[in-house]
Amino acid sequence: MDKRKVIHAYRSGYISIQECAQIIGLDSRQMPGLMSGMPATDEQAGRRKIPVTGATGATS
559 MDKRKVIHAY RSGYISIQEC AQIIGLDSRQ MPGLMSGMPA TDEQAGRRKI
609 PVTGATGATS
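For the sequence shown, this note's numbering assigns the number 559 to the initial residue and increments by one for each residue that follows.
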């Protein structure tokens with residue numbers, strides 16, 4: 559499972575820090591160190607959202 563998704567679930571309140579650590583495979587005492595090195599949002603991570611357009615250029 560993608561670690562970013564697990565951490566997002568923890569930050570969103572869906573799972574506890576113990577559950578987050580267990581899924582990732584760390585001890586819960588290691589989690590604060592891991593979290594401090596990760597950006598909180600996708601924009602901070604350098605990702606941008608690309609809008610989806612309905613037209614693909616193909617005609618029927």
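Using N, Cα and C, we set each Cβ at its ideal position, and we do this for glycine too.
By the neighbour-count criterion, in which 16 or more other beta carbons inside 10 Å mark a residue as buried, Tyr568 falls on the buried side. Rounded to the nearest whole angstrom, the CA to CA distance from Ser570 to Arg562 is 12 Å. Taking a C-beta distance under 8 Å as the contact criterion, Ile573 and Met593 do not qualify as a contact pair.
In the DSSP assignment, Arg587 falls outside any alpha helix (DSSP H), carrying neither H nor E.
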